[in-house]
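S.K.: Handing you a structure now.
2 protein chains.
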Amino acid sequence: MKDRLLLIKEFIDKNGKISFHELECAFPNVSSMTLRRDLNKLEEENAVIRISGGALSVNTVLRAKEADFSERINYNTAEKLEIADKAVKLVEPKSCVFIDGGSTTTYFARALPDDNFYVLTNALVIAETILRKEKPTVALLGGDLKKNSFITVGKTCIDFIREINIQTAVMTATGYIKDTGAFTCGSQSEAEVKRSIIQKADLVIMLLDSSKVNKKTPYTFAKLDDVNIMVVDKNFPKETKNQIEDMGIRVI
Amino acid sequence: MKDRLLLIKEFIDKNGKISFHELECAFPNVSSMTLRRDLNKLEEENAVIRISGGALSVNTVLRAKEADFSERINYNTAEKLEIADKAVKLVEPKSCVFIDGGSTTTYFARALPDDNFYVLTNALVIAETILRKEKPTVALLGGDLKKNSFITVGKTCIDFIREINIQTAVMTATGYIKDTGAFTCGSQSEAEVKRSIIQKADLVIMLLDSSKVNKKTPYTFAKLDDVNIMVVDKNFPKETKNQIEDMGIRVI
DNA sequence: TGGTAAAATGTAAATAATAAACATAAAAAA
DNA sequence: TTTTTTATGTTTATTATTTACATTTTACCA
């Protein structure tokens with residue numbers, strides 16, 4: 098009785114949502130009317146959000162809100178998924194991975210297998226995403242929180258980075274200027290954190306979807322030679338790719 | 098065309114929700130199919146939450162729904178709301194407030210007016226809640242993240258606390274043992290953080306709903322005389338309340 | 001400027017989801 | 001045990017959603 102409610106809530110929390118059909122498959126010997134009543138009960142308890150044909154977890158809604166805040170996590174989705182899928186193959190279980198804040202890296206975090214990683218991040222959304230998995234451990238860089246992007250920055254952050262060891266840093270940028278090979282972002286404080294991380298990491302992986310090429314934002318936090326591997330999507334300009342490879346950087 | 102979308106979003110934001118019927122009445126010379134498409138468009142943009150027969154504003158959902166503590170369904174909601182409403186009156190704008198992680202304190206965070214507070218917390222959910230407001234600034238204690246409770250703990254956390262100043266600490270406990278006046282919680286690491294905070298704070302406010310009385314969890318992090326003000330609900334046992342007041346602690 | 005493609009809107013039928021009403025079974029209380 | 005309550009099941013009616021296609025409007029450009 099209450100067990101089923103808990104199981105349902107757990108599933109919704111873990112997967113972000115559930116469809117009615119999934120629910121029926123999960124409980125084949127319970128009538129659909131009862132399951133419907135269960136969802137409504139959970140909704141009354143404010144544990145989930147009931148939508149047509151299923152239910153959402155509260156966190157899914159939170160994320161929606163975030164997406165609405167920051168400019169649309171929703172564009173170039175296919176490209177970002179492609180990049181994330183390629184990038185997760187580059188990190189090894191049991192390794193210590195820093196994941197930078199950003200929409201592509203959020204897809205990376207989702208795609209990361211449920212294995213014994215040590216994950217470090219300064220992005221709330223990513224921390225939560227990883228924390229929902231069973232096996233990884235997660236540490237969050239403390240500091241001042243930036244509105245809109247939900248990442249931490251500032252001195253505390255930098256000090257913390259000094260004390261930790263990073264094998265692999267999975268980074269992203271708001272813009273890439275191909276003439277100078279500069280990776281840029283929108284705020285000074287963010288750039289500082291990124292710089293510290295890159296300095297500390299043994300291996301720097303840069304995730305960059307094609308929409309970022311020649312998009313200019315104020316602060317440069319890295320140059321091409323700070324990066325070891327770049328992961329791009331299939332629409333990434335061929336010439337730019339060659340140019341980067343000529344610099345001795347592996348482009349995937 | 099786009100005007101209509103904006104009007105709809107505005108209405109939903111203002112009223113918290115809209116039903117299909119209302120929508121049809123509001124735009125009598127637009128077909129219901131178009132309105133339906135409009136709502137779906139807004140949903141895709143993460144501007145509203147689409148539910149059966151209408152839509153909700155994201156904010157309504159956030160306000161109404163409980164924080165996401167994955168292991169348990171929320172209970173004692175009314176009591177916690179009551180406590181939160183009383184407690185927010187105790188903190189002054191422009192003051193530096195630490196908010197402890199917990200479900201009651203999450204309600205506190207929601208109830209906190211949108212004013213120039215300096216908020217510190219070790220709870221992701223609370224950080225996000227405050228960050229959605231316009232005026233407060235938020236800093237997050239870094240450290241190892243605990244699964245289920247989504248709070249940070251550990252050495253990094255403690256070190257950070259040493260460096261900061263706290264005017265008011267808004268705390269909560271998992272249990273209160275009335276014989277010894279001990280506030281308890283479920284993990285050693287959590288207790289350490291709570292202890293550090295209490296030591297640093299000028300004023301300690303403890304939010305405790307009646308379900309916590311004589312609930313025993315392993316680690317004691319504070320005694321009655323560490324606390325300055327206790328905020329409780331109307332079901333809080335009278336004798337226990339008197340007992341606490343006799344110790345010179347203000348109970349609200 | 002007319003022609004044309006693209007986008008927005010409308011209509012109606014088919015499908016799916018929800019709610020209502022009542023029957024039955026299981027659990028709790030007397 | 002009997003009664004009462006609660007949880008569940010079944011069916012039907014209502015309402016919501018989707019689909020597929022028709023029509024209109026808008027935007028663009030030769």
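Chains as they are written, first to last, in the working numbering: chain C, 98 to 349; chain R, 98 to 349.
Ideal Cβ positions, reconstructed from N, Cα and C, are used throughout, including at glycine.
1) For lysine 320 of chain R, which residues of its own chain have a beta-carbon under 7 Å away from its beta-carbon, when the five flanking residues on both sides are left out?
2) Could you name the residues of chain C that lysine 244 of chain R contacts, counting a contact when the two beta carbons are closer than 8 Å?
3) Just checking my contact of valine 290 of chain C with cysteine 254 of chain C at CB under 8 Å: how many whole Å lie between their CB atoms?
4) CB phenylalanine 214 of chain R to CB valine 185 of chain R, shorter than 8 Å?
5) CB isoleucine 146 of chain C to CB isoleucine 109 of chain R, shorter than 8 Å?
6) Which residue from C/Ile180, C/Ser192, C/Leu221 puts its Cα closest to that of isoleucine 201 of chain C?
7) Excluding sequence positions up to five away, which residues of its chain have a Cβ less than 7 Å from the Cβ of threonine 157 of chain R?
8) Out of C/Gly272, C/Asp276, C/Glu287, which one is the CA nearest neighbour of methionine 303 of chain C?
9) Just the chain C side, please: which residues come within less than 9 Å of serine 149 of chain R by C-beta, in chain order?
10) Determine the closest residue to isoleucine 105 of chain R out of R/Ser154, R/Glu231, R/Tyr316, R/Ile148, with distance taken between C-alpha atoms.
11) Can phenylalanine 318 of chain C and arginine 347 of chain C be called in contact, C-beta distance under 8 Å?
12) Could you give the distance in angstroms between the alpha-carbon of asparagine 325 of chain R and the alpha-carbon of valine 301 of chain R?
13) Would you kindly work out how many angstroms separate the C-alpha atoms of phenylalanine 247 of chain R and threonine 265 of chain R, rounded to a whole number?
14) Specify, as a first and last residue, the run of the alpha helix (DSSP H) that threonine 277 of chain R falls within.
15) Determine the extent of the beta strand (DSSP E) in which alanine 152 of chain C is found, giving its start and end residues.
16) In chain order, what are the residue ranges of uninterrupted alpha helix (DSSP H) at least 4 long that sit wholly in the stretch 102-144 of chain C?
17) At a CB-CB cut-off below 7 Å, which residues of chain C make contact with leucine 136 of chain R?
18) Starting from the beta carbon of glycine 113 of chain R, find every residue of chain C whose beta carbon is closer than 8 Å, and list them in chain order.
19) For serine 128 of chain R, count neighbouring C-beta atoms within 10 Å of its own C-beta (all shown protein chains included) and say buried if the count is 16 or more, exposed if not.
20) Taking lysine 297 of chain C as the reference, which of C/Ile263, C/Asp182, C/Tyr316, C/Cys282 has the closest Cα?
21) Taking C-beta to C-beta, are glycine 239 of chain C and glycine 239 of chain R nearer than 8 Å?
M.R.: Let me lay it out:
1) Gly278, Ala279
2) Leu228
3) 5 Å
4) no
5) no
6) Residue 201 of chain C is actually threonine in this sequence, not isoleucine. Among C/Ile180, C/Ser192, C/Leu221, the Cα nearest to that of threonine 201 of chain C is on C/Ile180.
7) Gly113, Lys114
8) C/Gly272
9) Arg147, Ile148, Ser149, Gly150
10) R/Ser154
11) no
12) 5 Å
13) 22 Å
14) Careful: threonine 277 of chain R lies outside any alpha helix (DSSP H) and carries neither H nor E.
15) 151-154
16) 117-123, 129-141
17) Result: empty, since nearest Cβ-Cβ is about 11 Å, beyond 7 Å.
18) Result: empty, since nearest Cβ-Cβ is about 13 Å, beyond 8 Å.
19) exposed
20) C/Ile263
21) yes
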